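Here's the structure we're looking at; comments come further down.
Protein chains: 6
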Amino acid sequence: MRPSGRAADALRTVILEPGAARHAEGSCRIRMGLTEVLCTASVEGRVPGFLRGKGEGWVTAEYGMLPRATHKRGEREAARGRQSGRTQEIQRLIGRSLRAVVDRKAMGEMTITLDCDVLTADGGTRCAAITGAWVALHLAFEHCISKRVLARNPITGQVAAVSCGLWDNEPVLDLDYAEDSAAQADANFVLTGAGGIVEVQATAEGTPFSEAQLLGLMALAKKGTAELFAAQREAIGA
Amino acid sequence: MRPSGRAADALRTVILEPGAARHAEGSCRIRMGLTEVLCTASVEGRVPGFLRGKGEGWVTAEYGMLPRATHKRGEREAARGRQSGRTQEIQRLIGRSLRAVVDRKAMGEMTITLDCDVLTADGGTRCAAITGAWVALHLAFEHCISKRVLARNPITGQVAAVSCGLWDNEPVLDLDYAEDSAAQADANFVLTGAGGIVEVQATAEGTPFSEAQLLGLMALAKKGTAELFAAQREAIGA
Amino acid sequence: MRPSGRAADALRTVILEPGAARHAEGSCRIRMGLTEVLCTASVEGRVPGFLRGKGEGWVTAEYGMLPRATHKRGEREAARGRQSGRTQEIQRLIGRSLRAVVDRKAMGEMTITLDCDVLTADGGTRCAAITGAWVALHLAFEHCISKRVLARNPITGQVAAVSCGLWDNEPVLDLDYAEDSAAQADANFVLTGAGGIVEVQATAEGTPFSEAQLLGLMALAKKGTAELFAAQREAIGA
Amino acid sequence: MRPSGRAADALRTVILEPGAARHAEGSCRIRMGLTEVLCTASVEGRVPGFLRGKGEGWVTAEYGMLPRATHKRGEREAARGRQSGRTQEIQRLIGRSLRAVVDRKAMGEMTITLDCDVLTADGGTRCAAITGAWVALHLAFEHCISKRVLARNPITGQVAAVSCGLWDNEPVLDLDYAEDSAAQADANFVLTGAGGIVEVQATAEGTPFSEAQLLGLMALAKKGTAELFAAQREAIGA
Amino acid sequence: MRPSGRAADALRTVILEPGAARHAEGSCRIRMGLTEVLCTASVEGRVPGFLRGKGEGWVTAEYGMLPRATHKRGEREAARGRQSGRTQEIQRLIGRSLRAVVDRKAMGEMTITLDCDVLTADGGTRCAAITGAWVALHLAFEHCISKRVLARNPITGQVAAVSCGLWDNEPVLDLDYAEDSAAQADANFVLTGAGGIVEVQATAEGTPFSEAQLLGLMALAKKGTAELFAAQREAIGA
Amino acid sequence: MRPSGRAADALRTVILEPGAARHAEGSCRIRMGLTEVLCTASVEGRVPGFLRGKGEGWVTAEYGMLPRATHKRGEREAARGRQSGRTQEIQRLIGRSLRAVVDRKAMGEMTITLDCDVLTADGGTRCAAITGAWVALHLAFEHCISKRVLARNPITGQVAAVSCGLWDNEPVLDLDYAEDSAAQADANFVLTGAGGIVEVQATAEGTPFSEAQLLGLMALAKKGTAELFAAQREAIGA
């Protein structure tokens, strides 16, 4: 039995709250169990230097964690004067994942920045951030359509993410913090609504794992993201 | 008539939500109108170097704002690599204000850090942070008592803060963002439950103001903080 | 009796030395007792980005302290790699105070930077900086007139600052370092020659103070700044 | 046909040069085609704070690239004042990969730092770094044995890494820079000599890929690392 | 004729003002023509880590320039967040030069930090800093003797510095800013009272110079420092 | 007898390997005994702001050392977040030295950056960097000629550098690390092929030295650089 007592293939309760941030063009608060991430999408009418004049848009992400989102207070990155390697790794992942389902030529020269800030951390924050950010991004594009800045939504499909891990040699879905700390392996899957793989990051914490186990983790991830895609569609009213 | 349409001496709706952060020893989410600040109090069993061996505790604060708490996205301070002068000024003010109502000798050698993170900004965030942080601090001390780390609560009284300003030459209470941007003067008052002044910061934005006007602002602040003290007492169940 | 032995309403000896810096467009060395601050005004023919094209000028300030201006050597901020929160708070205050008496539209698109560097610190350095910087700024504008860059001086009035404090529950004027360290409350007043208030910053160091005490401090500040205004007028030959 | 003209399952020429750095306790220069990375292992008789007193050792890595290792000169990270997110991500990966095959309790309280510096970059630098660092680490432990600091080598197995990608929808092994820039997907596999998976990082650059394609990439990775394991054994004289 | 109109072997007017800084254990304000540097020596009863427990002292220096010490305002290094290469180069030179005439074993475990802050710059600031810092250091050691911290002065001799340059192919002594900007070569000599060379830094600005010219510059430096040594002795009352 | 056993006037074995870096427009690996520095010259078609529009080029240098180039691992400057004073001093010296033999007007508006990275350090790294960088720079200009970007090579002569020191009061040429650590004085000479002096930096480590000794060091430097000039000519095929 896994620590949370959930079935091996059970997600935690997922709640998506679209429009949770008053000022942002698009936003979504996502809860997966106790984990809670506020995702906002901010639209700006210009692109970074490397894209200027190319007629394409840009989608990027920043990630942060409130100092006391965690069991023990973490140092505030703004006070320390730099973002950790972990933070940078996560925000690069979020940006890549969302760009995989956006037609950037259809955006024109605009940038959308997704801020994913963890209010409460209980495992799986980067996956929750991707799933919630997709909703925020979708809503921001809809906002642009309503303002007649865009004629159609440049999103080409859904993207969502979930973590899986090996517990007592068996694959389990959607690790919480206690499970994540003790798992033999930890894998994050970013998958599309059409069944494609955008990113796999699988890491053995101690003993290396086998290809069969990797496939077992992926099977759970497909089941988990199917539920997340449904929740996303409901959140955007599709 | 002031922009918000409120009476000159009317606070915005104040909601204090104690225990809003799952992991912190004490916490309080405060809303004043649209402004929303999450205040957490984290207890650590040691003091900064300058206090070591003196048998006293320390209370300090950090302040942050989510990038899209504001109408226009602000740069993330962690990404820029340093906290702005404004941020540092505010977190110093919050720390000073709370230390004014704590018997630091009664704490023993422990540090409590108050993290005040603005989730939505609509004016008055530093004042809301002080008012909410007092509740979080009180609860953290109660937590220490329940854990038998402290025998009694070292808080010596209540402290709360409110902003006032001059609108059309008349004093008005509790400025929202639109009012703050257009006010002739802007003053923050940090007052105690016993009627004392902890801090006054009054600034003319354009034309200097008079002593009579300063007194008018202070009268409103007294009225406003009286309501905030009541809300604090209710929040801690006193 | 206060530690310095001065009467409660007595300023320290004030000496303003206009033109103390050879290269600056305007400058003034100010001494208030042992406290000594060198204020220079540097003129530059452009404005920060947020003002470009608006036809207005900008007045800003930077503040520093020589490492051994103090009793005990302080760390050099350039070596540490960042300015302290205190430094930033002070330089923001100096800039705001001077902008309160400048018609920025009359400046045209130019920036004047006031560098206030403390050569010897004995309390009241930020107030001395404001009082001296006003002289430096006035002289820099006169320099611009002499160079036919400006037709008239954009300064609209005088501004000066003084600190007051509570000693043995009584208000006293112009605290030196020893007094400042032991005062029950500490207040900085930035006032104009026309009797207006530009900024009040009053802080209880221990016990909160009363409104009556705040008024007592302000009465002393008015008396003190009256003497400072006279010294400023003498310094600029008015 | 892939750009390099190699067969889909062909590695580039691999050359491992053990002992390439004169001063380091262990070192290895690795070339995979034009890519050239110098890996050094430095032994220090203490551990980071979080491990002190636990009787375990630590293995960590740093990664860098000479500014002109690349076709176009890159900014020097030391001059810019911070390591990029990419650099931090890579050095975290190298450290994790090597720790997966080290019995840290058998090390005692010592730290080994692997510096992997890219002298020439032509794709696959992080994988080359892992493969070469394993040799450097092995030699450093042997050095400790020769100095009677350790009784036996704490390495529990081999680890090596290789990149694979999708070219024209077909999996190809060991991408060079030109191939990497144009591949549809890019995957790094860190595998052990015993056939286990330590880490998989697979990313779709444009179109998402399928599970079958992921398995195709993994099959190539197994073939490629088998050759790398042989080269490692030869390099250490096993 | 050189720009300043001085004879080729003429120093500018030198004024040493010992005790110029109220709080420092030793201090000296030095003026060489318009150049003005405030040198303070601060005593601290401990040494940097690399000397701990060795029974030796340390002498180090920091150098700074007020932003408007120069004709055109320079950026404040504290605001920019780092010291320039030039600043670091100069403060390393000052420290080395003074350590050359100190018996560090005779100091015991104490550190003296020489802060050399340029109030007005008109060429030759690093040389003036060395010459003035020697006086400050001497006085600080005398202070330690008066406090019975030291039994005798650990200074083993005098050290002073002067710049020379080539003007119209002829060596000239003690360049001011205008001369320095236009000289063909620029050399700083740090010499001891006993006639030894501590440091020579000679740089061709355009055309390389000859050994004969280097000797001509050195001859001037000997003459110039002889006068500086006399001024130093007078300043310390020797 | 000096520690290395070499004759007082003997250079270490010098090996220049032009074209050692695959991607750079010009490059040279230089070995002087064990010291090994990789010098690359990177051409960029624009100049820094202070030269824009003046029709001149710029030559600048950056210097680095691999963390384990040394006997004991040094901290990685990119990880620490800033370059040391020593690094900045050296890269400024390299840039100045090369600019002394370049007709910058003949370059047009282009920048060449010389990256000098120490792969193995055994004394004399800054001198080796200058000598090797000259070759890299020459080749980069030849590259520009071959690409018809330049019509002729803007280099006006050769420049090379060597260190000398006092050992047992006698001048010796080309110090290795062990000699450098124990020498009484240490001098770096940057000389031109035409016999001119570009830079002299001579420092007494303990006892000051005499003018006669300085001349003795210089005589060795002339002999040593004559050999280096021959090696440079051979390297560029002149």
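Those protein sequence lines, which keep their order, are chains A, B, C, D, E and F.
Note that full-length UniProt numbering numbers the first sequence so that position 14 is 14, with each residue one more than the last.
Note that full-length UniProt numbering numbers the second sequence so that position 191 is 191, with each residue one more than the last.
Note that full-length UniProt numbering numbers the third sequence so that position 187 is 187, with each residue one more than the last.
Note that full-length UniProt numbering numbers the fourth sequence so that position 147 is 147, with each residue one more than the last.
Note that full-length UniProt numbering numbers the fifth sequence so that position 197 is 197, with each residue one more than the last.
Note that full-length UniProt numbering numbers the sixth sequence so that position 144 is 144, with each residue one more than the last.
Just so it is clear, CB atoms sit at the ideal spot from N, CA and C, and this is done for glycine as well.
Please read all numbers here as calculations on a predicted model, not as lab measurements.
Can you name the residues that DSSP bridges to asparagine 169 of chain C?
Per DSSP, none; premise fails for asparagine 169 of chain C.
What residue does the alpha helix (DSSP H) around serine 181 of chain B start on, and which one ends it?
177-182 is the extent of the alpha helix (DSSP H) around serine 181 of chain B.
Can you check DSSP and say which residues form a bridge with glutamate 17 of chain D?
D:Arg29
By the 10 Å Cβ neighbour count, where 16 or more other Cβ atoms means buried, how is arginine 71 of chain F classified, buried or exposed?
Arginine is not the amino acid found at residue 71 of chain F; the sequence shown has histidine there. Classification for histidine 71 of chain F: exposed.
Taking only the alpha-carbon atoms, compute the straight-line gap between tryptophan 134 of chain B and glutamate 234 of chain B and give it to the nearest angstrom.
13 Å
Which residue comes first and which comes last in the alpha helix (DSSP H) that contains leucine 139 of chain F?
Element bounds for leucine 139 of chain F: 125-146.
Just by C-beta distance, which residues in the stretch 212-229 of chain B are closer than 7 Å to chain C?
Leu214, Met218
Let me confirm a value: asparagine 188 of chain F is counted as buried when at least 16 other C-beta atoms fall within 10 Å, else exposed. Which label applies?
buried
Given this structure, state the Cα-to-Cα distance separating arginine 82 of chain C from methionine 65 of chain F, to the nearest angstrom.
27 Å
Do the stretch 141-151 of chain F and the stretch 21-34 of chain F make contact, defined as three or more Cβ pairs closer than 8 Å?
yes
Determine, using beta carbons only, whether isoleucine 155 of chain E comes closer than 7 Å to chain F.
no
Can you have a look at asparagine 169 of chain B and say buried or exposed, based on whether 16 or more other CB atoms are within 10 angstroms of its CB?
With fewer than 16 Cβ atoms within 10 Å of its Cβ, asparagine 169 of chain B is classed as exposed.
Which residues of chain E have a Cβ atom closer than 9 Å to the Cβ of glycine 196 of chain F, listed in chain order?
Result: Ala204, Thr207, Pro208, Phe209, Ser210.
So, for serine 84 of chain B: in the same chain, excluding its five sequence neighbours on each side, which residues have a beta-carbon less than 8 Å away from its beta-carbon?
The beta carbon of serine 84 of chain B sits closer than 8 Å to those of Glu77, all from its chain and outside the five residues before and after it, given in chain order.
Phenylalanine 209 of chain C: buried (16+ other C-beta within 10 angstroms of its C-beta) or exposed?
buried
Cβ closer than 8 Å: which chain C residues qualify as neighbours of proline 52 of chain E?
Just to set this straight, residue 52 of chain E is arginine in the shown sequence, not proline. Correct list: empty, because the minimum Cβ distance to chain C is about 20 Å.
Are the stretch 52-60 of chain A and the stretch 4-18 of chain B touching by the rule of at least three beta carbon pairs closer than 8 Å?
They do not touch, by the three-pair rule.
According to DSSP, simplified to helix, strand and coil, what is glutamate 234 of chain B?
helix
Residues of chain D with CB under 7 Å from glycine 85 of chain A, in chain order?
Gln88, Glu89, Arg92
Output the boundary residues of the alpha helix (DSSP H) element that contains threonine 207 of chain C.
First-last for threonine 207 of chain C: undefined, no H or E at that position.
Between arginine 2 of chain B and threonine 225 of chain B, what straight-line distance do the alpha-carbon atoms span, to the nearest angstrom?
Each residue's alpha carbon lies about 20 Å from the other.
Alpha carbons only, please: which of D:Arg152, D:Val101, D:Ser42 is nearest the one belonging to alanine 136 of chain D?
In terms of Cα proximity to alanine 136 of chain D, the closest of D:Arg152, D:Val101, D:Ser42 is D:Ser42.
Can you find at least 3 beta carbon pairs, one from the stretch 170-178 of chain D and one from the stretch 212-219 of chain D, that sit closer than 8 Å?
Three or more Cβ pairs drawn from the stretch 170-178 of chain D and the stretch 212-219 of chain D lie within less than 8 Å of each other, which places the two stretches in contact.
Ignoring anything shorter than 4 residues or poking outside the stretch 41-104 of chain F, list the alpha helix (DSSP H) runs there in chain order.
77-80, 85-99
Strictly below 9 Å CB to CB, what residues from chain A border valine 200 of chain D?
Ala187, Val200, Gln201, Ala202, Thr203, Leu214
So, helix, strand or coil for glutamate 211 of chain E, using DSSP?
helix
Using the C-alpha atoms, what's the distance from alanine 129 of chain C back to serine 97 of chain B?
26 Å
Given a cut-off of 7 Å, decide if threonine 87 of chain E and tyrosine 63 of chain E are closer than it, judged by their beta-carbon atoms.
yes
Three or more beta-carbon pairs under 8 Å between the stretch 112-128 of chain D and the stretch 177-191 of chain D, yes or no?
Contact between the stretch 112-128 of chain D and the stretch 177-191 of chain D is present: 3 or more CB-CB pairs across the two stretches fall below 8 Å.
With respect to 6 Å, is the separation between the Cβ of valine 159 of chain A and the closest non-hydrogen atom of the ligand GTP below this value?
Here there are no bound small molecules, and the ligand GTP is not part of this structure.
With a threshold of 7 Å between beta carbons, is alanine 100 of chain D in contact with chain A?
yes
From what residue to what residue does the beta strand (DSSP E) around alanine 185 of chain F run?
185-192
Report the neighbours of leucine 191 of chain C on chain E: residues whose CB is nearer than 7 Å to its CB, in chain order.
Per Cβ cutoff of 7 Å: no residues; leucine 191 of chain C is ~27 Å from chain E at best.
Counting only beta-carbon separations shorter than 7 Å, does glutamate 77 of chain A have a partner in chain B?
Glutamate 77 of chain A counts as touching chain B.
Span of the beta strand (DSSP E) holding isoleucine 112 of chain F?
From DSSP, the beta strand (DSSP E) with isoleucine 112 of chain F extends over 111-120.
Which residues in chain B sit within 7 Å of alanine 24 of chain A, going by Cβ to Cβ distance?
Arg68
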